[in-house]
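Here full-length UniProt numbering is used: position 42 in the sequence shown is 42, and no number is missing along the way. All C-beta atoms, glycine included, are put in the ideal place defined by N, C-alpha and C. Remarks on the structure that follows.
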Amino acid sequence: PISLSGVVCPAPRIQNGRVTDPKPRYTYRDSVTFKCHRGFTLRGHRTSQCQGDRRWHPPVPVCEQ
Numbered sequence: 001p002i003s004l005s006g007v008v009c010p011a012p013r014i015q016n017g018r019v020t021d022p023k024p025r026y027t028y029r030d031s032v033t034f035k036c037h038r039g040f041t042l043r044g045h046r047t048s049q050c051q052g053d054r055r056w057h058p059p060v061p062v063c064e065q
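Here is the structure:
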């Protein structure tokens, strides 16, 4: 099996919102929680996890006014 220990995901970016507990780097299986700025509504999933292909799943949500 391929080792996924070296997998690093790019820091997720969300417009009009933020990651609640940001880290300097994200590795396989790390999860993040998103929060929208005041006046914006989160559309999508509030949490996302770093996958073996260096993508976030579920996809990073959007904050809508």
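If you measure between the beta carbons of residue i and residue j, is that distance less than 8 Å?
| i | j | result |
| --- | --- | --- |
| threonine 33 | threonine 47 | yes |
| glutamine 49 | arginine 25 | no |
| proline 61 | arginine 43 | yes |
| residue 126 | arginine 55 | The structure shown does not extend to residue 126, since the chain is modelled only from 1 through 65, so no value can be given for it. |
Quick check on residue i - is its C-beta less than 8 Å from some C-beta in chain C?
| i | result |
| --- | --- |
| valine 62 | Absence of chain C from the displayed structure is noted, only one protein chain being present. |
Leaving out the 5 sequence neighbours to the left and right, which residues in its chain are closer than 8 Å to residue i when beta-carbon positions are compared?
| i | result |
| --- | --- |
| glutamine 65 | Asn16, Gly39, Phe40, Thr41 |
Which residue wins for smallest C-alpha separation from residue i, given the options the options?
| i | options | result |
| --- | --- | --- |
| leucine 4 | Val60, Pro58, Gly52, Pro61 | Gly52 |
| cysteine 63 | Lys23, His45, Asp21 | His45 |
Could you spell out the range, first to last residue, of the beta strand (DSSP E) harbouring residue i?
| i | result |
| --- | --- |
| residue 69 | No answer is possible for residue 69: it lies beyond the span of the chain, which begins at 1 and ends at 65. |
| serine 48 | 47-50 |
| glycine 17 | 17-19 |
Looking only at its own chain, which residues have a Cβ that is under 7 Å from the Cβ of residue i, when we skip the five neighbours before and after it?
| i | result |
| --- | --- |
| cysteine 36 | Asn16, Gly17, Leu42, Cys63 |
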